[in-house]
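Heads up, the thing below is written out as structure tokens.
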Amino acid sequence: MTMFFDPFRELDRVAGTLLDRRESPRLMPMDVYRDGDHYVLTADLPGVDPGSVDVDVDGQLLTIRAERTPRSQEGVQWLTRERPAGAYLRQLTLGKDIDTESISAHYENGVLSVMIPVLEKAKPRKIAVETTGTRAEVTA
């Protein structure tokens with residue numbers, strides 16, 4: 000069996016062991032974009048138990064929590080273990096023009112999607128321009 004040795008990865012592993020990173024929240028990469036009248040947040044949470052995913056809103060603070068439980072297998076000798084277990088946490092401050100009552104979330108295939116609608120009053124709209132009197136003709 001061949002093994003790839005990366006000294007930087009090994010240094011990171013040793014530093015993580017010494018600093019015991021297991022207690023800190025895990026990285027949750029995410030994308031946020033606007034699609035019409037709502038924002039879409041997608042976050043990568045591979046291997047997370049769907050029952051542990053928690054999305055809540057408190058005022059203007061959106062909080063996402065999840066947890067990946069470690070796979071414990073008795074009698075095995077780990078050669079490498081790069082899929083960290085532990086808690087995920089991400090918090091975002093929402094703008095005042097967000098409809099916090101209508102936020103929805105869906106978790107599928109390791110990706111959490113959160114739909115964040117914009118309030119009706121904050122949506123772009125056309126303003127009618129009115130004129131008064133008669134229109135004067137311009138002649139050259």
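Once you know that position 26 of the sequence shown is 25 in the numbering used here, the rest is easy, because the numbers rise by one and skip nothing. We put the beta carbon where it would ideally sit given N, CA and C, even for glycine. It should be emphasised that the depicted structure is a prediction, and the values quoted were computed from it without experimental measurement.
**Q.** Coil, strand or helix - GLY50 by DSSP
**A.** Three-state DSSP puts GLY50 in a helix.
Q) Among the residues of its own chain, which have a CB less than 6 Å from the CB of PRO116, if the five just before and after it don't count? A) Its chain contains HIS37, ASP98 and SER101 as the residues whose beta carbon lies nearer than 6 Å to that of PRO116, once the 5 sequence neighbours on both sides are disregarded; these appear in chain order.
(Q) Which same chain residues end up closer than 7 Å to THR1 when comparing Cβ atoms and leaving out the 5 residues on each side of it in sequence? (A) Only weak support exists for where THR1 lies, its pLDDT of 44 falling under 50; the value from the coordinates is given anyway. Contacts found: none.
Q: Can you tell me which of the three DSSP states GLU100 falls into?
A: In the structure shown, GLU100 sits in a helix (DSSP, three-state: H, G or I).
(Q) Please return the same chain residues whose Cβ sits closer than 8 Å to the Cβ of SER103, not counting the five positions on each side in sequence. (A) Cβ within range, chain order: VAL113 and MET114.
Q: Give, in chain order, every unbroken run of the beta strand (DSSP E) that is at least 3 residues long and sits entirely within the region 70-130.
A: Listed in chain order, they are 85-92, 103-107 and 110-116.
(Q) As a quick exercise: from ARG70, ASP48 and ARG33, pick the residue whose alpha carbon is nearest that of LEU111. (A) The option with the nearest alpha carbon to LEU111 is ASP48.
Q. What separation, rounded to the nearest whole angstrom, lies between the Cα atoms of ARG124 and GLY35?
A. It is roughly 12 Å from the alpha-carbon of ARG124 to the alpha-carbon of GLY35.
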